[in-house]
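First the structure, in the form of structure tokens, and then the observations on it.
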Amino acid sequence: MAQNDIVDTTAAYSSPNASPLTLTSTPDTALVAAAKALTSARYVVAMTGAGLSAESGIPTFRGDDGLWAKFGEPRMDGYKRFLDDPHGWWRREVTQTQDPYVLELRRALEQAQPNPAHHALAGMERSGVVKTVISQNVDGLEERAGLTRLIEVHGNRSKYRCIGCGRRTPRDTFVPPAELPPPCSECGSIVKYDSVMFGEPVPPERMAAARAEIDRADCVLAIGTSVTVRPVSGLLWIAEAQGATVIEVNPNETRLSGVCDVVVRAKAADALPGLVSLLSAGT
Ligand SMILES: [Zn+2]
């Protein structure tokens, strides 16, 4: 099976919530079923995960090719260590002496470009098919592709955030801050990257905003998410429990696959442009 082929799912669905849309039989049938579900929905929310970023060359943490397999799993108390010594953390940042996996991730983030799936998703927002995108990624590629109704629950590495007042500001890429740790111009507290560190709570207002969108959604499009990162992944289960139609686009089976109404077993960069074509053709 070619990896880029859009194939139907062969998984057996036993969920009581599974609908006839689940029963796909040819490669394109899953996409057609997804397009029909999207057009018949009242309020579609998309959720994106690391798989979407991986298609832009950003390594994932988990998985056989992930950063943790290569460098070992890092300590999960990154935020505590930042709070204990923000000056030292920033010193390591500007001298590029952070953990090796951080340096590799940073290099990939700096080179990454939005892929066809990001652009297709932006097109779906412009045409009104998708109302909001909840992103678990920190690369900012959704924003760069032109998405505007975007909730970046884990932050955006191209921005700074004050840990005191929460103010987000764009950063001048690759220019080290003049003062370490950089102070917030608003409240004088400490500024860090907007991206959520290990052990750092997701800013509650972002989770609340994401939950509010899930509560409005009667259809959720889960793109490239492994459905393992808490608390965000829980939103998909909430959507499913609330009766939303759940569409998964993922080359790999996930814990969510068995309860999805439609599974498009493909890379997002292959599936989403095809989905946009079907939507514009009025499928
Ligand atoms: Zn502040």
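Residue numbering for the sequence shown follows the numbering used here, starting at 1004 and increasing by one per position. All C-beta atoms, glycine included, are put in the ideal place defined by N, C-alpha and C.
Cross-strand partners of C1165 (DSSP beta bridge): Paired residue(s): V1194.
Residues passing the C-beta test against ligand 1 heavy atoms, cut-off 6 Å: Cβ atoms closer than 6 Å to ligand 1 belong to C1165, G1167, C1168, R1170, C1187, E1189, C1190 and S1192.
Keeping to the same chain, check which residues put their C-beta closer than 7 Å to that of L961; ignore five residues upstream and five downstream. Residue 961 cannot be examined here, being either before or after the span of the chain that is shown, 1004 to 1286.
Interface flag, P1254 vs chain D, CB-CB below 9 Å: Absent here is chain D; the protein component of the structure consists of one chain.
Under 9 Å between C-beta atoms of A1247 and C1222: Taking 9 Å as the Cβ cut-off, A1247 and C1222 qualify as a contacting pair.
Check whether A1038 and L1281 have beta carbons under 9 Å apart: The Cβ atoms of A1038 and L1281 sit closer than 9 Å to each other.
Residue burial classification, Q1245 (beta-carbon count within 10 angstroms, cutoff 16): Exposed, since its Cβ has fewer than 16 Cβ neighbours within 10 Å.
For a test of the three-state rule: what should DSSP assign to E1058, helix, strand or coil? E1058: coil per DSSP, three-state reduction.
Contact between the region 1100-1113 and the region 1255-1262: three or more CB pairs below 8 Å? Contact fails: fewer than three Cβ-Cβ distances are below 8 Å.
Let me know the secondary structure DSSP gives T1051 once reduced to three states. In the structure shown, the three-state DSSP call for T1051 is strand.
Indicate the three-state DSSP secondary structure (helix, strand or coil) for L1124 in the structure shown. DSSP places L1124 in helix when its eight states are reduced to three.
With DSSP as the reference, identify every bridge partner of R1110, one or two as the case may be. For R1110, no pairing in a beta bridge is given by DSSP.
Euclidean distance between Cα positions of L1034 and G1227: Near 15 Å, if we compare the C-alpha coordinates of G1227 and L1034.
In whole angstroms, give me the CA-to-CA distance for S1138 and A1269. Cα to Cα, the separation comes out at about 19 Å.
Could you tell me which residues DSSP puts in a beta bridge with R1171? Partner(s): R1164.
Please identify the residue among P1173, C1187 and L1238 whose C-alpha is closest to the C-alpha of G1158. Of the candidates P1173, C1187 and L1238, the residue whose Cα lies closest to the Cα of G1158 is P1173.
L1278 versus V1132, G1054 and W1093, residue with shortest Cα-Cα distance: Answer by Cα proximity: V1132.
In three-state terms, what does DSSP make of E1076? Looking at E1076 - three-state DSSP - the assignment turns out to be coil, as it is neither helix nor strand.
Nearest-angstrom Cα distance between A1014 and R1095? In this predicted model, A1014 has a pLDDT of only 31, less than 50, meaning its place in the structure is not dependable; the value taken from the coordinates is given anyway. Per the coordinates, the alpha-carbon of A1014 lies some 47 Å from the alpha-carbon of R1095.
What residue range does the alpha helix (DSSP H) around T1135 cover? Following the DSSP letters along the chain, one finds T1135 in no alpha helix (DSSP H) but inside the beta strand (DSSP E) bounded by residues T1135 to S1138.
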